[in-house]
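Read the structure below first, then the notes.
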Amino acid sequence: MASGDTLTNSASYTGGGFNVTEGYLEGKATLLRDVFLAKDLTIDAQGRYSSYSTFGGTKNWKASINWAPIQDIRFRATIGTSYRQPNVYELYSGGSLGYASATDPCAQASAYGSLSAAVVANCAKQGINTSSFVAANSGQIPTLYGGNAALKPETGRTYTVGTVITPRWLPGLSASVEYWHYTVKNMIAYLSSQYIVDQCYTGADTKYCSNITRVSSTNQLNSVTDYYANIGGLRTSGIDFDLDYRIRVTRQDVVTLGNNFQQLVSYLQQNEPGGQWYNYAGRLMYQSGTGQPRVRDYATVNWQHGNWGVTYMMKYTGGMVWNNGSQDLSTELGYGRYKTPGIFSHDLTIDYRLDRWKFQAGVNNLFDKQPPFVADASTNSAAGLYGDLYLGRYVFLQAGVNF
11 MASGDTLTNS ASYTGGGFNV TEGYLEGKAT LLRDVFLAKD LTIDAQGRYS
61 SYSTFGGTKN WKASINWAPI QDIRFRATIG TSYRQPNVYE LYSGGSLGYA
111 SATDPCAQAS AYGSLSAAVV ANCAKQGINT SSFVAANSGQ IPTLYGGNAA
161 LKPETGRTYT VGTVITPRWL PGLSASVEYW HYTVKNMIAY LSSQYIVDQC
211 YTGADTKYCS NITRVSSTNQ LNSVTDYYAN IGGLRTSGID FDLDYRIRVT
261 RQDVVTLGNN FQQLVSYLQQ NEPGGQWYNY AGRLMYQSGT GQPRVRDYAT
311 VNWQHGNWGV TYMMKYTGGM VWNNGSQDLS TELGYGRYKT PGIFSHDLTI
361 DYRLDRWKFQ AGVNNLFDKQ PPFVADASTN SAAGLYGDLY LGRYVFLQAG
411 VNF
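If you want the working numbering, it's the position in the sequence shown, counting the first as 1, plus 10.
This is the structure:
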């Protein structure tokens, strides 16, 4: 609960709540052990019943299977459902004013390609001449945010399938690959302000025009209303590869190599129930600083010599095309920049153990990599993706003790 007091933009009172009663049951059974083509065969199942004061009862479950035909390889799979009750903030937060990174379509009608004529016509209906109109808030749109007591819960379904290989002929090696797929219905989120104004002025969905107000004397955007909503659905899938190899070099020296590679296969999202599916895989939502790179990779090398240790980590985030929620940007639409390249960064840590104490010294962002430019009208980058680069090269010292 909050009074609405704020040091920046005004905000209205926030208050509300709910209660929930839950019951949980889990079981596990080993079906086969140490027989032909079944070194191990185990299944388990979980179930949960939840009763919410706001939405009533719901049942969710998960089942999995682990099968190791021989000692060196194991297969695993899971399937399950999920349920997320809207939290108090999403339901009951008071309205507040913010400035979203977005542009007024009437100030850049030529950037809409084949839809430019529709934008010009719809702006003209409001008395706006797109050839001379200049937006007062360049790169930003005043936006009213807030909770929505009419929200429905999110529901989802997940399944995964994968394998783990630990070959006896190569001790210390472990490799795994896993495919995952996740679907969500009634996804709870804010729409981007850019999506709302684009839907209105391109004529794609004129119901969003009621969310937009302008100052009558100047035709400048006064505000866009963008409360939490069940915006539609999400379908996403990917493949994770993990490799770990521990090598004992001498009695005191151990080298451990590790790599986690993540491949995003698909990321399809609806921005309204029953609406169009948008492909956001490999796209960066430049106004909000969020994105879905198709590739991420984390590689580590650790050398342990007695009580001393050195760890090097390399992180890679794949390149992305900028997207405004409705379409990809491109040079054909008049944009000089429209994508962000892949980014590498490097960290180095040295540690020393003394009895219960552990001392560490390190350098994050070893080569002082700067975050890439992103035209978000706020940080000129994407803080949600590249936040660890904002400080530049960062040196730290720390000590800890186990009690």
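For each residue, glycine too, the CB sits at the ideal point set by N, CA and C. Treat the numbers as computed from the prediction; the structure is a model and nothing was measured.
Check, Outcome
"Assuming Gly299 and Asp386 form a contact by the criterion Cβ under 8 Å, report the distance between their Cβ atoms to the nearest whole angstrom.", "6 Å"
"Once DSSP output is grouped into helix, strand and coil, what is the label at Ile206?", "helix"
"I need the DSSP call for Lys379, collapsed to helix, strand or coil.", "coil"
"Using CA atoms only, rank isn't needed, just tell me which of Val405, Lys349 and Gln286 is closest to Gly292.", "Lys349"
"Helix or strand or just coil, what does DSSP make of Asn221?", "helix"
"With distance defined between alpha-carbon atoms, name the residue in Ser60, Leu47 and Thr88 nearest to Asp54.", "Thr88"
"Can you tell me the Cα-Cα spacing of Ser13 and Gly352, whole angstroms?", "Note on Ser13: pLDDT 49, under 50, position unreliable in the model; no value is reported."
"From Val144 to Val207, what distance separates their C-alpha atoms?", "16 Å"
"Could you spell out where the beta strand (DSSP E) holding Glu36 opens and where it closes?", "Val30 to Val45"
"Quick check on Leu364: does DSSP put it in helix, strand or coil?", "strand"
"Restricting to Cα atoms, I'd like to know which of Ser106, Gly26 and Asn196 is closest to Gln280.", "Asn196"
"Along the chain, which unbroken stretches of the beta strand (DSSP E) at least 3 residues long are found entirely within the region 314-373?", "318-327, 330-333 and 353-364"
"In or out: Tyr211 buried (at least 16 other Cβ within 10 Å) or exposed?", "buried"
"Take every Cβ of the region 156-169, pair it with every Cβ of the region 218-232, and state whether three or more of those distances are shorter than 8 Å.", "no"
"Would Phe369 and Leu407 qualify as a contact pair, given that the criterion is a beta-carbon distance under 9 Å?", "yes"
"Looking only at its chain, what residues have a beta carbon closer than 7 Å to the beta carbon of Ala117, apart from the 5 residues adjacent to it on each side?", "Phe143, Val144 and Ala145"
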